[in-house]
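There are 2 protein chains.
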Amino acid sequence: MADTTDTTAGGVAGDDTRPISGRTGGKASGKASGGKRAGKNAAATAARSGSTGPGGPSKGRTRPDKSTGGPAKDAPATTGGGAGSSRTAGEPEAATATPGAPVDGVSRRRLLGTAGAAGAAALIVGGVAGATGAEAVRGKPTPLTDVGSGVVPFHGTHQSGILQPAQAHGHLVAFDLTGGTDRKGAAALMRRWSAAAAELMAGRPPQGDDSGVALDAGPSSLTVTFGFGRTFFDRVGLTDRRPDALEPLPAFTADVIDGKRSNGDLWVQIGADDALVAFHALRLLQKEAAGAARVRWQMNGFNRTPGATAQPMTGRNLMGQIDGTNNPKPSSADFAQKIFVPDGQQGPESWMAGGSYAVVRRIRMLLDSWDNLSLDRQERVIGRRKSDGAPLSGGTETTRVDLDKMGPDGALAIPGDAHIRVAAPANNRGAAMLRRAFSYHDGFLDDGAPDAGLLFIAWQADPLKGFVPVQRKLDRGDGLSRFLRHEASALFAVPGGCDEGGYVGQHLLEG
Amino acid sequence: MADTTDTTAGGVAGDDTRPISGRTGGKASGKASGGKRAGKNAAATAARSGSTGPGGPSKGRTRPDKSTGGPAKDAPATTGGGAGSSRTAGEPEAATATPGAPVDGVSRRRLLGTAGAAGAAALIVGGVAGATGAEAVRGKPTPLTDVGSGVVPFHGTHQSGILQPAQAHGHLVAFDLTGGTDRKGAAALMRRWSAAAAELMAGRPPQGDDSGVALDAGPSSLTVTFGFGRTFFDRVGLTDRRPDALEPLPAFTADVIDGKRSNGDLWVQIGADDALVAFHALRLLQKEAAGAARVRWQMNGFNRTPGATAQPMTGRNLMGQIDGTNNPKPSSADFAQKIFVPDGQQGPESWMAGGSYAVVRRIRMLLDSWDNLSLDRQERVIGRRKSDGAPLSGGTETTRVDLDKMGPDGALAIPGDAHIRVAAPANNRGAAMLRRAFSYHDGFLDDGAPDAGLLFIAWQADPLKGFVPVQRKLDRGDGLSRFLRHEASALFAVPGGCDEGGYVGQHLLEG
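Residue numbers (my numbering), protein chains in the order written: chain R, 1 to 511; chain W, 1001 to 1511.
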């Protein structure tokens, strides 16, 4: 599914109705096949540009061919030169948006995941990162098909994995620093991780990686996102620069929190549309951490596979509900203000410019209880029809919710404790967060209930103005809360992105 | 990955080199886009045929629309009428094969997963199962994109999930019958399961299912396969009809078997290219079992996402090795004889005609140890190059392995303990099995090692002529065994397929 919605715990309805994600929205401006062609043309241009760009051949890195027997081979099919996005524009106006025009510091096309976005991304990668374009031209550019060819740039104002549609496979992993790791060691780790992530996201195995797990596949829209937990700052002697926003989240009545699967010094979010590409990134980053940090907890999630529906649609969660309709939209005036920490702040938290705070909750769905409800009752708990996501006040999925609408029986069309009513920004002083979740399923519990639900990730400039007030409200009055258990919880400061040559967290660790 | 190979534990090299799977083989006969068009044309034909076929409108089932608010809606986009396979032909000769010509009782095109296969499948489904074609004509057939539109027929000589390429998502689940379930109760369960599987695989929610989890998506090449474990026969009073082939597997030195995750009265294998479609099937079958059987163990696996590579290729496992090259080929004369129980046998095991035996092993890969080997050493352990899967005796992935070839240093090109040498049929009296695996990754163990490896599934007409002798040999002499731990094990009798109106296992339970 493209991103989370008002239909899940902690969800919050945005005020307008167009989805942010390239995978959401029934009014896509074109079919995927058309998008493919556009993407490929853009990719060819990108490949050419790359060969003469600032990071062209002179910077091209030669990877040693260690294989025995047979001649040295050209770069595998994972070079980033091939492109063509699997995503179709989700917003009607995407077709008329100026290509590459910046919106809140991020390319609009990139942000929307439109058909041409991968091409634009490849251009950036080819120009900045060096080897990709050169390799693509030296050999023939390897055409990758839809899913594999999606490329998201690592470098930029914001980290990746926030604005892009959630991928088909996700790994969340928290690390704790080992005893001997100080500020300098943490900086070295973040530098290694950033370098590896940039290579992986461009579809290249990082230097020294001959594991081969992701070979043949394209980058498959891989994103890697890094965050710092509250305890990180104590461990590296930077307590005085810890943001107030990292104060522990309050307890909620639906919480049954397992501390061992919560919090952590460091957090990495990995997403990709191919399972082996995602696993490869997870494993490689774990190996890069050896000696400096060890895994504290790790969770696997999933969303719908690109192409499983006839056209890009908002995804569904494991309760069967369409999930992702009312996320805040980058087109709204206050989007950046609500999601990202602004530039230009002074003081100890200035290093968070361009960053965001991620609230991570493992939310188990009590599916046996939920499935025992009639469809009618389920829909009244949510406030939307299951079949198509339309609000019970009428219309279609994207129709504005009418909280005052009365049904033919004289009662509110959207019941008083319906999830979308309790979560509505109008009822939460405009509080908003960008939800971008993965479903999870880890088998069955001893009582036969599925150990399944949502790896809920909410992004906001300030958790006290996003997740916390909304969850407080849901905790008291939401009819959906009875069917959910929050089993793990964490909060991370996710710094802004870095430029080439830099690394994520540099402004903190060297500031 | 398409199916398992000689590069994994218990693997066995077939004698020729062409892959069975539509996803394997670099010599695909056409690009995916071409295949798509062919599939769509075939689907349109199928839809028309379905409306007048033997199972046409008169058998069309009306699903109640329980949704509140809004008019009753047409069938969701999951009707099986739309088609167009995401798979491209893997065998060069597929392009010239007679469409629909039977090979060993199964349509060759269906078996190969060729571009036109989904169309042919839709034709079968439309003609036999009834409602699909009629619905597709009554409304407009909903075009589904590549991944979603893959349809595999439930009914046939063999069960599904054996000959089709392994999907991107897999669930393995074993059930134990509850105390009160006798032969009659087991028969009722198998009838419910078969009916549900037929609907799910056609992309329709079974009657009474309003969970909605798979709505919007197409069937996404869903397959559901049922098997009986050794203990099943005692529970239902049919011990005298238990096949000798279900004798417990011998112990091997690499075994560290967890009994709680092994064996079981009943087994269900679910595969689909979309995670929500697969989860939906798993959950629905669990609910259908309520009162009659409960989950004993359950495992989740994955393979590469369709479209992640530039063209269909043999997949890779989590050791990074290309995995699936040398499976036995349906084009070989003895394929059916080695994989399926023949028709026409007399005696207590006659109910297994058209069936096969599945050996299921959860094989953890000791990735920390493996990754510490140099690439050169890894390749000598396997006997193939990691980059492209070519045997160390030379050539490309599909070049016949030359076990006698000497290297320039005067030593065997393929070392004496290389996996592909020890597993070669020539060294195992021609023993063969069809391997069709999923990778798995369930997080990290306390020591930081990935809990990851292979859900190995091997199919054969007789385990004593397939898995057992090969694994005995590997257990003694295979260099790869040092990097593997078999942590769970099971053996199931998988009956032949059923016709419409029947159910899997009927010949046993009513015979």
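Cβ atoms here follow ideal geometry from the backbone N, Cα and C, with glycine treated the same way.
### Message
Applying the 10 Å Cβ sphere with the 16-neighbour rule, what's the burial state of Gly1324(W)?
### Response
Counting from one through the second sequence, the residue named residue 1324(W) turns up at place 324. Under the 10 Å beta carbon count, Gly1324(W) is surrounded by 16 or more other beta carbons and is classified as buried.
### Message
Counting only C-beta atoms, is Pro1450(W) closer than 8 Å to chain R at any point?
### Response
Locating residue 1450(W) in the second sequence gives position 450, counting from the first residue. Any Cβ of chain R closer than 8 Å to the Cβ of Pro1450(W) would place that residue at the interface, and such an atom is present.
### Query
Would you call the region 1156-1174 of chain W and the region 1295-1305 of chain W in contact, with 3 or more CB pairs under 8 Å?
Touching, yes.
### Query
Would you report the Cα separation of Thr473(R) and Gly416(R), rounded to the nearest angstrom?
Position 473 of the first sequence, counted from the start, is the residue given in the question as residue 473(R). Position 416 of the first sequence, counted from the start, is the residue given in the question as residue 416(R). Looking at the sequence provided, one finds Lys at residue 473(R) rather than Thr. Taking the straight line joining both Cα atoms gives about 13 Å.
### Message
Counting only C-beta atoms, is Ser211(R) closer than 8 Å to chain W at any point?
### Response
Along the first sequence, read from residue 1 onward, the residue named residue 211(R) stands at position 211. Yes, Ser211(R) counts as interfacial toward chain W.
### Task
Go ahead and label Ala1308(W) buried or exposed: buried means 16 or more other beta carbons lie within 10 angstroms of its beta carbon, across all protein chains shown.
Numbered from 1 along the second sequence, position 308 holds the residue referred to as residue 1308(W). Buried: at least 16 other Cβ atoms inside 10 Å.
### Query
Taking 8 Å as the CB-CB limit, is Ser331(R) close to chain W?
On the first sequence, position 331 is the one that residue 331(R) refers to. Chain W contact via Cβ: absent.
### Task
State yes or no: is the C-beta of Ile270(R) within less than 8 Å of the C-beta of Trp459(R)?
The count along the first sequence starts at 1 and reaches residue 270(R) at position 270. The count along the first sequence starts at 1 and reaches residue 459(R) at position 459. Contact flag unset, no.
#### Entry: Straight-line gap, Ser1387(W) to Arg1377(W) (C-alpha atoms, nearest Å)
Against the second sequence, residue 1387(W) aligns to sequence position 387. Against the second sequence, residue 1377(W) aligns to sequence position 377. Their Cα atoms are separated by approximately 14 Å.
### Task
Grab the span of the beta strand (DSSP E) containing Leu172(R) for me, first residue to last.
Along the first sequence, one-based indexing puts residue 172(R) at 172. It spans 169-177 - the beta strand (DSSP E) in which Leu172(R) sits, taken as one unbroken run.
### Query
Rounded C-beta distance between Gly264(R) and Asp176(R)? I'm assuming under 8 Å.
Locating residue 264(R) in the first sequence gives position 264, where the first residue counts as 1. Locating residue 176(R) in the first sequence gives position 176, where the first residue counts as 1. Right, their Cβ atoms sit about 6 Å apart.
### Query
Do the region 1442-1460 of chain W and the region 448-468 of chain R touch if we need at least three Cβ pairs shorter than 8 Å?
Contact check between the region 1442-1460 of chain W and the region 448-468 of chain R: fewer than three CB pairs, one atom from each, fall below 8 Å, which does not count as touching.
### Message
Assuming contact is defined by CB atoms lying nearer than 8 Å, are Val1341(W) and Ala1461(W) in contact in what I supplied?
### Response
Within the second sequence, residue 1341(W) is the residue found at index 341, counting from 1. Within the second sequence, residue 1461(W) is the residue found at index 461, counting from 1. Contact flag set, yes.
### Inter-residue spacing [alpha-carbon to alpha-carbon] between Asp368(R) and Ala198(R)
Your numbering for residue 368(R) matches position 368 in the first sequence. Your numbering for residue 198(R) matches position 198 in the first sequence. Taking the straight line joining both Cα atoms gives about 42 Å.
### Query
Quick one: Cα of Gly1150(W) to Cα of Val1277(W), how far?
For this step, residue 1150(W) is matched to residue 150 along the second sequence. For this step, residue 1277(W) is matched to residue 277 along the second sequence. Between Gly1150(W) and Val1277(W), the C-alpha separation is close to 12 Å.
### Task
Determine which residues of the region 1308-1337 of chain W have a Cβ less than 9 Å from any Cβ of chain R, and write them out in chain order.
The region 1308-1337 of chain W vs chain R, Cβ under 9 Å: Ala1308, Thr1309, Ala1310, Gln1311, Met1313, Thr1314, Gly1315, Arg1316, Asn1317, Leu1318, Met1319, Gly1320, Gln1321, Ile1322.
### Query
Using a C-beta to C-beta distance shorter than 9 Å, which residues of chain R count as neighbours of Val1422(W)?
Locating residue 1422(W) in the second sequence gives position 422, where the first residue counts as 1. Under the 9 Å cutoff, chain R gives no residues; its nearest Cβ is about 19 Å from Val1422(W).
### Task
Let me know if Thr1239(W) comes out buried or exposed under the rule of 16 or more other beta-carbons within 10 Å of its beta-carbon.
The sequence position of residue 1239(W) within the second sequence is 239, counting from 1. Exposed, because fewer than 16 other Cβ atoms sit within 10 Å of the Cβ of Thr1239(W).
### Task
Quick one: give me the first and last residue of the beta strand (DSSP E) that Glu1379(W) is part of.
As a working note, residue 1379(W) is residue 379 in the second sequence. That residue, Glu1379(W), is in no beta strand (DSSP E); its alpha helix (DSSP H) goes 1375-1382.
### Task
Report buried or exposed for Glu1397(W), applying the criterion of at least 16 other Cβ atoms within 10 angstroms of its Cβ.
Within the second sequence, the letter at position 397 stands for residue 1397(W). Glu1397(W) sits buried, since 16 or more C-beta atoms from the chains shown fall within 10 Å of its C-beta.
### Cutoff 8 Å: Thr305(R) Cβ touching any chain W Cβ
Within the first sequence, residue 305(R) is the residue found at index 305, counting from 1. Thr305(R) counts as touching chain W.
### Task
Give a yes or no on whether the C-beta atoms belonging to Arg1485(W) and Ala1254(W) are separated by under 8 Å.
Against the second sequence, residue 1485(W) aligns to sequence position 485. Against the second sequence, residue 1254(W) aligns to sequence position 254. The answer is yes: Cβ separation under 8 Å.
### Message
Against Phe1444(W), what residues of chain R qualify as contacts under a CB-to-CB distance less than 7 Å, listed in chain order?
### Response
In the second sequence, residue 1444(W) corresponds to position 444, counting from 1. Simply Val295, Gln298.
### Task
Inspect the beta-carbon positions of Ala1293(W) and Leu1189(W) and report whether they are closer than 8 Å.
On the second sequence, residue 1293(W) is found 293 positions in, with the first residue counted as 1. On the second sequence, residue 1189(W) is found 189 positions in, with the first residue counted as 1. In this structure, Leu1189(W) lies closer than 8 Å to Ala1293(W) by Cβ.
#### Entry: Outcome for Pro1243(W) when other beta-carbon atoms lying within 10 angstroms are tallied against a minimum of 16
The residue labelled residue 1243(W) in the question sits at position 243 within the second sequence. Buried: at least 16 other Cβ atoms inside 10 Å.
### Task
Tell me, to the nearest whole angstrom, how far the beta carbon of Gly383(R) is from that of His419(R); I am working on the premise that it is less than 8 Å.
On the first sequence, residue 383(R) is found 383 positions in, with the first residue counted as 1. On the first sequence, residue 419(R) is found 419 positions in, with the first residue counted as 1. That belief holds up - the Cβ atoms of Gly383(R) and His419(R) are roughly 6 Å apart, short of 8 Å.
### Rounded C-alpha distance that separates Gln337(R) from Gln298(R)
Counted from its first residue, the first sequence places residue 337(R) at position 337. Counted from its first residue, the first sequence places residue 298(R) at position 298. Here the alpha carbon of Gln337(R) sits roughly 31 Å from the alpha carbon of Gln298(R).
### Enclosing alpha helix (DSSP H) for Phe1279(W) [first to last residue]
The count along the second sequence starts at 1 and reaches residue 1279(W) at position 279. 1275-1288 is the span of the alpha helix (DSSP H), which, as asked, contains Phe1279(W).
### Task
Can you give me the start and stop residues for the alpha helix (DSSP H) that Arg191(R) sits inside?
Working through the first sequence from its first residue, we reach residue 191(R) at position 191. For Arg191(R), the uninterrupted alpha helix (DSSP H) segment begins and ends at 183-201.
### Query
In three-state terms, what does DSSP make of Met1319(W)?
Counted from its first residue, the second sequence places residue 1319(W) at position 319. Reduced to three states, the DSSP call for Met1319(W) is coil.
### Among Gly430(R), Ser332(R), Ala488(R), nearest to Lys260(R) - alpha-carbon criterion
Along the first sequence, read from residue 1 onward, the residue named residue 260(R) stands at position 260. Minimum Cα distance to Lys260(R) is reached at Ala488(R).
### Query
Excluding the five sequence neighbours on either side, which residues of its own chain have a C-beta within less than 8 Å of the C-beta of Gly501(R), listed in chain order?
Position 501 of the first sequence, counting from 1, holds the residue named residue 501(R). Around Gly501(R): no qualifying Cβ.
#### Entry: Contact set for Trp1351(W): own chain, Cβ-Cβ below 6 Å, skip 5 residues either direction
Within the second sequence, numbered from 1, the residue matching residue 1351(W) stands at position 351. So the list reads His1507, Leu1508, Gly1511, once near-sequence residues are dropped.
### Task
Run the CB neighbour count on Ala1047(W), radius 10 Å, all protein chains shown included, and call it buried at 16 or more, exposed below.
Taking the first residue of the second sequence as 1, we reach residue 1047(W) at position 47. Its pLDDT being 34, under 50, Ala1047(W) is placed unreliably in this model, and the value from its coordinates should be taken loosely. Buried, since its Cβ has 16 or more Cβ neighbours within 10 Å.
### Query
By Cβ distance, which residues of its chain are closer than 7 Å to Ala431(R), with the 5 residues on each side in sequence left out?
The count along the first sequence starts at 1 and reaches residue 431(R) at position 431. Same-chain partners within the cutoff: Val12, Pro425, Lys465, Gly466, Pro469, Val470.
### Message
Does chain W have any CB closer than 8 Å to the CB of Gly50(R)?
### Response
Position 50 of the first sequence, counting from 1, holds the residue named residue 50(R). With a pLDDT of 32 at Gly50(R), under the threshold of 50, the predicted position of this residue should be treated as unreliable, though the coordinate-derived value follows. No, because no Cβ of chain W sits closer than 8 Å to the Cβ of Gly50(R).
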